[in-house]
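Take a look at the structure set out below.
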Amino acid sequence: PHIECPEGGKDLTPQPNLRAAVNRRRPDAEEAQMQLCCEENKPVTANYCVPIEEKKPGSEAVAEYLEGKKKYEDLKKQKLKKGSSREAQTMALLDRFKSKLMAHVLQFDEQTRKVKDANMQDEDTFEIYDPRNPVNKRRREESKKIMMEKKAKK
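As structure tokens, then:
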């Protein structure tokens, strides 16, 4: 059977699993067939709308969840459909982001690079593997001394 909300014209045909519950004539079949009607949060029983009593949540966590859910449902309703007004809303959002981005001042420590003079030679002038590196020169000098001492002992 095709059920339509008399107020909003919304299609409220029960889902297949709900239809099976109705066909089995279970005691909760009427509850299974109830669906939300329009945006007024009313369930449909047969062909008429019945207002829902506001239930108080059992715990704080449930209350917080329902509060958050309602907040996001309201935000969803505020979203505009496709068109020029939606484009304007997007551009306004972009402008707001751009203003926040440009308002932030970048702060950083300016690191001055050590300028190397080709005429001045120090330990950083040559790579560690380069034979002209002073560290390598010292090692070679030391190894030469050790080799000379070994030859002198023989």
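Taking our numbering as reference, the numbering of the sequence shown is continuous, increasing by one, and the terminal residue is 1144.
By construction, the Cβ of each residue, glycine as well, lies at the ideal position given by its N, Cα and C atoms.
This structure is a prediction, so every number in the text was calculated from the model and none was measured.
Distance between Ser-1133 and Pro-1124, taken at the CA atoms: about 14 angstroms. Put simply, the backbone Cα of Gly-1048 is about 11 angstroms away from that of Glu-1054. For Gly-1058, the uninterrupted alpha helix (DSSP H) segment begins and ends at 1050 to 1068. A distance below 8 angstroms between beta-carbons, with the five flanking residues on each side excluded, links Lys-1106 to the following residues of its chain, in chain order: Asp-1114 and Thr-1115.
Boundaries of the alpha helix (DSSP H) around Gln-1079: 1074 to 1093.
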